[in-house]
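Listed below in structure tokens is the structure:
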């Protein structure tokens, strides 16, 4: 029986499973996770943190622990160091859990460029060299209402910029902005014609409670089965 006070050792490799289709996985989800999020979004809530529990449960249902997925609340996205910074000061470089090189935490002053999306969905890749290493599959930011849309859009742009720079993150990563019962999707478009080499695009709002409009659950189930093993 594993306990926190027992000796720490790497778990056995994740056994291979033939994943369900995305539709079959969606049909197998625990109804409570869907009901809970829907019920919260239909309620007269006053604070963002009232949505966090239902959102976390929903994501955990789609990305199960048994397949070494994790849902990280307030996930930390740190600024990647530039190559010349790394070469000049290797002793002050820290290797992050997403494979990036960042400023070491022992340096004086406040680290700049940090971002904290409300949730990150990650897949753990257990290696001897760095057992904490993981791959970020998607992020979710929660807003109570759409009144602060311009601020929320700026936040999501920063998050997507940070994700694009990470080695252990698909450059085509998708992020989601929740606002009550609505969701907006963000994605990367590579474009050599712009200074950054890419742009961050976003779609329109989708009402998750409207008939046949729950594109979110289907897309997340696709991410899950694509990363099942």
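Residue numbers (this note's numbering): 3 to 231. Glycine included, each C-beta is placed from N, C-alpha and C at the ideal position.
Residue range of the alpha helix (DSSP H) that includes residue i
i, result
"residue 34", "33 to 43"
"residue 51", "51 to 64"
"residue 3", "Unbroken run through residue 3: none, as it is neither H nor E."
"residue 25", "24 to 29"
"residue 47", "Premise fails: residue 47 is in no alpha helix (DSSP H) and is neither H nor E."
"residue 19", "Here residue 19 belongs to no alpha helix (DSSP H), and DSSP marks it neither H nor E."
"residue 222", "217 to 228"
Bridge-paired residues (DSSP) for residue i
i, result
"residue 208", "185"
"residue 72", "124"
"residue 145", "181"
"residue 171", "138"
"residue 200", "192"
"residue 14", "Bridge partners of residue 14: none, in fact."
"residue 79", "117"
"residue 176", "140 and 189"
Own chain residues within Cβ distance below 7 Å of residue i, not counting five before or after
i, result
"residue 187", "176, 178, 204 and 205"
"residue 190", "162, 166, 173, 174, 175, 200 and 202"
"residue 220", "24 and 28"
"residue 229", "125 and 139"
"residue 223", "24, 27, 28 and 64"
Residue i, buried or exposed, once every other Cβ within 10 Å from all chains shown has been counted against 16
i, result
"residue 6", "exposed"
"residue 217", "exposed"
"residue 67", "exposed"
"residue 185", "buried"
"residue 108", "Reliability fails at residue 108, whose pLDDT of 47 lies under 50, so the model's placement of it is uncertain and no value is given."
"residue 111", "For residue 111, the pLDDT reaches just 47, beneath the cut-off of 50, and the residue's location in the model is therefore unreliable, although a value from the coordinates is still provided. Exposed."
"residue 70", "buried"
"residue 143", "buried"
"residue 141", "buried"
"residue 137", "buried"
"residue 123", "buried"
"residue 196", "exposed"
Contacting residues, own chain, Cβ-Cβ under 8 Å from residue i (five flanking each side not counted)
i, result
"residue 118", "76, 77, 78 and 79"
"residue 41", "56"
"residue 44", "183 and 211"
"residue 22", "30 and 227"
"residue 192", "173, 199 and 200"
Contacts around residue i, its chain only, beta-carbon distance under 6 Å, and the 5 residues preceding and following it disregarded
i, result
"residue 60", "35 and 39"
"residue 58", "73"
"residue 126", "70 and 136"
"residue 146", "50"
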